[in-house]
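Enquirer: Here our numbering runs 961 ahead of the position in the sequence shown, where the first position is 1.
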Amino acid sequence: GGASGAALSFVDPKDQAEALAKVQASQPADDNGAPQPAELPFNIKEVYSFKYRVDSVRRSITRIAIREARLAELKQEMVNSERLKAHFEDNPRDLQVLRHDAALRPAAVRPSLATVPDYLVPDSP
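#1: Going along the chain, which residues of its own chain have a beta-carbon closer than 7 Å to the beta-carbon of Val984, five neighbours each way excluded?
#2: Between which residues of its own chain and Arg1014 is the CB-CB distance below 7 Å, once the five residues before and five after are set aside?
#3: In its own chain, which residues sit with a C-beta less than 8 Å from the C-beta of His1048, not counting the 5 before and 5 after it?
#4: Just verifying my parser: in three-state terms, what is the DSSP assignment at Asn1041?
#5: What did DSSP end up calling Gln977 once you bin it into helix, strand or coil?
#6: Within the chosen definition, does the region 1076 to 1084 reach the region 1016 to 1025 through at least 3 CB pairs nearer than 8 Å?
#7: If you compare alpha carbons, which of Gln1037, Leu1045, Lys1006, Ala1069 is closest to Pro1083?
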């Protein structure tokens, strides 16, 4: 709790207007009295230039990669669990096995996706 930041939610006003209204009703208004979450105006055509980049990354995220990442998260939660601390004290081999498992292989960042070229950056303010 208490964390601050920004989040983007993509809402189709035709299909999800009622859901958006419920969310806005449950959130406090901003300093200017505008409902939150507020609409972020942008030109959809400016986003199309990123489509190939998104598609490339999306193809690299496989079911196996998701399963491995979730498994790694669960193992880390087990290692850090206060409830399992006593078990690991009695069975140090179990803790050693959890820690010894291969670390999740980070996905290679393709050089073409590491930076955004100037020609893809929109001119809008």
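Built from N, CA and C at the ideal position, the CB exists for glycine as well.
Expert: Answer, in terms of the structure:
#1: Pro998
#2: Leu1074
#3: Asp1055
#4: helix
#5: helix
#6: no
#7: Lys1006
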